[in-house]
Amino acid sequence: MKLAVASGKGGTGKTTVALCLALSAEGPVRLLDCDVEEPNCHLFLKPQIHRREPVTVPVPVVDAAKCNGCGKCRQLCQSNAIAMLKSKAVIFPELCHSCGGCAKICPTGAIHEVEREIGFVEHGATNGIELVTGNLNIGQPLAPAVIRAVKRHVAPTHLTILDSPPGTSCAMVATVRDADHVLLVTEPTPFGLHDLKLAVDTVRELGRSFSVVINRADAGDGRVVDYCRTENIPVRLQIPEDRRIAEAYSRGATVLAAVPGLREDFRRLLAEVLE
Amino acid sequence: MTELVILSGKGGTGKTSVTASFAALAQNAVIADADVDAADLHLVLNPEIQSRHDFRSGHEAIIRQEDCLRCGACLAHCRFEAVQMDGKAAGEATFTIDPSACEGCGVCVELCPAEAIDFPERSCGEWYVSQTRYGPMVHARLRPSGENSGKLVTQVRTAARQLAERDGRERIIVDGPPGIGCPVIASVTGASAVLAVTEPTVSGAHDLSRVLKLAKHFDVPTFVCVNKWDINPAMTEQIEQQAVAAGARVVGRIPYDRAVTAAQVNGLPVVAYSTGPAAQSIRQLWEDLRIVGQASSLSVANNGQPGWLSHQNP
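Chains as they are written, first to last, in the working numbering: chain A, 1 to 275; chain B, 1 to 314.
Shown next as structure tokens:
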């Protein structure tokens, strides 16, 4: 079972919900932090890291002696990562999306690929939770490549929880596209509602089963609840606005310890979703 | 002309609330929303759309089943896990392309032995030029699960610049996306200054440090402001010290104030809704940014106009 936690709007409590789920689950659980631009789960779980592997993407290198200047590689490249200079192909690796096409089609075999590191994946464990964290190197644009590397560690025998990046573009899609269920975390404000609708559009387009968690439930107005009712979207849990939660979060403590009863709520939520 | 980009790293720290207030306080600015896949600024600035533009970017591969040889070459060549094969054996299986995974690289199109893959242009969203009560605004909407958000950000910023040049406006204020990836890089490259709005939490601190490194990497002077600072004063101190050590300049603190959410619920910038502590702090923040910007001899603007101060600390 792959359960993704996503949101549209940032800062609504995805990581909080993902952590509470992982800590409440009975049985083996693996948490994949797919917010590779700003991974945060490790700040709260403080796991022992026992393995770190680089994430690399292949990028082309041109052997100028073999290049006949035909320009087929440049024509194929959709990322504008290849230019022709003095009848030789020149590569701009930072624009390359690593599709591998240029090396495959070069008629003289002048292009081969080398691995370029764009991030890393860390494996750790704590409290019976296996945590896999993706980390995009600063200045690198290709978050989805690191997310795919993290997702290679989905455990078929475990409950796997995926903490998604915010938004609705390629990084979020790369995370949730094959999830068995997506929990959309929102807050009852106009920004929360607006971005929830975008996230709902996205998971519907992806054909995913999904439901909603409302965080800081009494902070704004009732429009999120109304919207979910109109759209027949199940609201699994409403987490109250509670200073104890905000303070625990701010210190890097997990909020289950701060608010008694929350663990039972998350167990019930998991049981509903896993059905 | 100067361009200030508001970032945060972590989402939900108050970027859009600060940007909307700056829009209300600035004179003669163009406003841009570069958070194209979760754009919210329009909810408080209520722009009236004056022109809409289709955002087409890249292509997507589509297999024509009637011409497909079922050889599986596309599956073998695709590096983005976008080609899906139903349960049958090769030779009989049906291959399809999942548009949500297709990068639009064209490799399968090129290498298909039957030339059975079409490659139409992909519509990824729309962008708009609008009018608000505080001045012109450029914003966008990425299609759900849309590709190329970075290119759409670049489009929004380019249009904002053109508008500023045309109308002789001195400032562009850009509401940026969360994170540090492609759309954030597209938001900061070539900007005059970054204001990073963060919150006093372990994740706020962690994510800010990555944004500061990114801004430094692209050599953009950076200011830091801690929102809801009184939730955890010790963490606020720590973040401010960390920011200075990273070469940024601390420009203000905004206290926790329920008026911020109330303003949003009422569809107004905080400074237009309230005269409370958060509104006062944001006014002060804008004033300080404006003064350091104008007083700066270390101009970073691209046309010799006074710019936002460099990242050196006094």
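Built from N, CA and C at the ideal position, the CB exists for glycine as well. Note that the structure is predicted; figures quoted are calculated from it, not measured.
Check: residue i C-beta below 6 Å from any heavy atom of the ligand ZN
{"i": "Ala279/B", "result": "No copy of the ligand ZN appears in this structure; indeed no ligand is present at all."}
Within-7 Å CB hit, residue i to chain A
{"i": "Asp207/B", "result": "yes"}
{"i": "Asp175/B", "result": "no"}
{"i": "Cys316/B", "result": "Residue 316/B lies beyond the stretch modelled for chain B, which goes from 1 to 314, so this question has no answer here."}
{"i": "Cys112/B", "result": "no"}
{"i": "Ile64/B", "result": "In the sequence on display, residue 64/B carries Arg and not Ile. So, not an interface residue."}
{"i": "Gln242/B", "result": "no"}
{"i": "Leu43/B", "result": "yes"}
{"i": "Gly12/B", "result": "yes"}
{"i": "Glu147/B", "result": "yes"}
{"i": "Gln312/B", "result": "Interpretation of Gln312/B is limited by its pLDDT of 36, a score under 50 that renders its predicted location unreliable; the figure taken from the coordinates is listed afterwards. Gln312/B does not count as touching chain A."}
{"i": "Asn232/B", "result": "yes"}
{"i": "Leu142/B", "result": "yes"}
{"i": "His217/B", "result": "yes"}
{"i": "Glu115/B", "result": "no"}
{"i": "Ser203/B", "result": "yes"}
Min CB distance residue i to chain B below 7 Å
{"i": "Pro60/A", "result": "no"}
{"i": "Arg177/A", "result": "yes"}
{"i": "Phe126/A", "result": "First, the residue type needs correcting, since residue 126/A is Thr and not Phe in the sequence shown. Cβ-Cβ to chain B under 7 Å: no for Thr126/A."}
{"i": "Phe191/A", "result": "yes"}
{"i": "Cys106/A", "result": "no"}
{"i": "Pro54/A", "result": "no"}
{"i": "Lys9/A", "result": "yes"}
{"i": "Val173/A", "result": "yes"}
{"i": "Gln48/A", "result": "no"}
{"i": "Asn135/A", "result": "no"}
{"i": "Ser211/A", "result": "no"}
{"i": "Gln238/A", "result": "no"}
For residue j and residue i, the rounded distance between their alpha carbons
{"i": "Asn215/A", "j": "Val271/B", "result": "26 Å"}
{"i": "Ser24/A", "j": "Pro221/B", "result": "44 Å"}
{"i": "Trp127/B", "j": "Thr158/B", "result": "12 Å"}
{"i": "Asp226/A", "j": "Pro234/A", "result": "11 Å"}
{"i": "Ile117/B", "j": "Gln65/B", "result": "9 Å"}
{"i": "Arg258/B", "j": "Leu268/B", "result": "14 Å"}
{"i": "Asp40/B", "j": "Gln264/B", "result": "10 Å"}
{"i": "Lys2/A", "j": "Val200/A", "result": "18 Å"}
{"i": "Val36/A", "j": "Ala83/A", "result": "31 Å"}
{"i": "Leu45/A", "j": "Val129/B", "result": "45 Å"}
{"i": "Val213/A", "j": "Arg236/A", "result": "6 Å"}
{"i": "Gln48/A", "j": "Thr254/A", "result": "17 Å"}
{"i": "Ala254/B", "j": "Thr160/A", "result": "Note that residue 254/B corresponds to Ile in the displayed sequence, not to Ala. Taking the straight line from one Cα to the other gives about 38 Å."}
{"i": "Asp230/B", "j": "Asn137/A", "result": "32 Å"}
Selection from the options that minimises the alpha carbon distance to residue i
{"i": "Asn227/B", "options": "Asp118/B, Thr19/B, Asn28/B, Leu111/B", "result": "Thr19/B"}
{"i": "Leu289/B", "options": "Met235/B, Val224/B, Ala278/B, Pro277/B", "result": "Val224/B"}
{"i": "Asp242/A", "options": "Tyr227/A, Ala219/A, Thr157/A, Val225/A", "result": "Ala219/A"}
{"i": "Thr16/B", "options": "Ile282/B, Ala160/B, Phe55/B", "result": "Ile282/B"}
{"i": "Gly150/B", "options": "Ala89/B, Ala245/B, Gly176/B", "result": "Gly176/B"}
{"i": "Pro47/B", "options": "Lys88/B, His139/B, Trp229/B", "result": "His139/B"}
{"i": "Ala89/A", "options": "Leu142/A, His42/A, Cys102/A, Leu95/A", "result": "Cys102/A"}
{"i": "Thr236/B", "options": "Gly106/B, Leu7/B, Val197/B, Cys78/B", "result": "Val197/B"}
{"i": "His59/B", "options": "Ala245/B, Glu147/B, Lys10/B", "result": "Glu147/B"}
{"i": "Val202/B", "options": "Val188/B, Gln238/B, Val292/B, Ala38/B", "result": "Gln238/B"}
{"i": "Glu205/A", "options": "Thr108/A, Asp221/A, Pro188/A, Ser169/A", "result": "Ser169/A"}
{"i": "Gly125/B", "options": "Leu142/B, His217/B, Ala279/B", "result": "Leu142/B"}
{"i": "Phe80/B", "options": "Thr96/B, Glu103/B, Lys88/B, Ser21/B", "result": "Glu103/B"}
{"i": "Arg116/A", "options": "Phe92/A, Thr108/A, Ile105/A, Cys106/A", "result": "Phe92/A"}
{"i": "Val188/B", "options": "Gln131/B, Asp33/B, Ala23/B, Ala245/B", "result": "Asp33/B"}
{"i": "Pro120/B", "options": "Gly135/B, Pro113/B, Pro99/B", "result": "Pro99/B"}
{"i": "Pro144/A", "options": "Ala271/A, Ser87/A, Ala257/A, Asp33/A", "result": "Asp33/A"}
{"i": "Thr175/A", "options": "Lys197/A, Val150/A, Ala81/A, Phe191/A", "result": "Val150/A"}
{"i": "Thr16/A", "options": "Ile239/A, Glu272/A, Glu264/A", "result": "Ile239/A"}
Three-state class that DSSP yields for residue i in the structure shown
{"i": "Gln84/B", "result": "strand"}
{"i": "Val259/A", "result": "coil"}
{"i": "Asp98/B", "result": "coil"}
{"i": "Glu205/A", "result": "helix"}
{"i": "Leu270/A", "result": "helix"}
{"i": "Gly252/B", "result": "strand"}
{"i": "Gly91/B", "result": "coil"}
{"i": "Asp316/B", "result": "In the structure as shown, chain B starts at 1 and stops at 314, and residue 316/B therefore has no counterpart that could be examined."}
{"i": "Ala65/A", "result": "coil"}
{"i": "Leu95/A", "result": "helix"}
{"i": "Val36/A", "result": "coil"}
{"i": "Ile6/B", "result": "strand"}
{"i": "Ala1/A", "result": "Per the sequence shown, the amino acid found at residue 1/A is Met instead of Ala. Note: Met1/A maps to coil in three-state DSSP."}
Worksheet item: Counting pairs of beta carbons, one from the region 125-133 of chain A and one from the region 162-169 of chain B, are three or more of them closer than 8 Å?
Response: no
Practice prompt. Report yes or no: do three or more beta-carbon pairs, one from the region 1-8 of chain B and one from the region 246-253 of chain A, lie closer than 8 Å?
Written response: no
Discussion item. Using a Cβ distance threshold of 8 Å, determine whether the region 151-170 of chain A contacts the region 59-68 of chain A, with at least three qualifying pairs required.
Written reply: no
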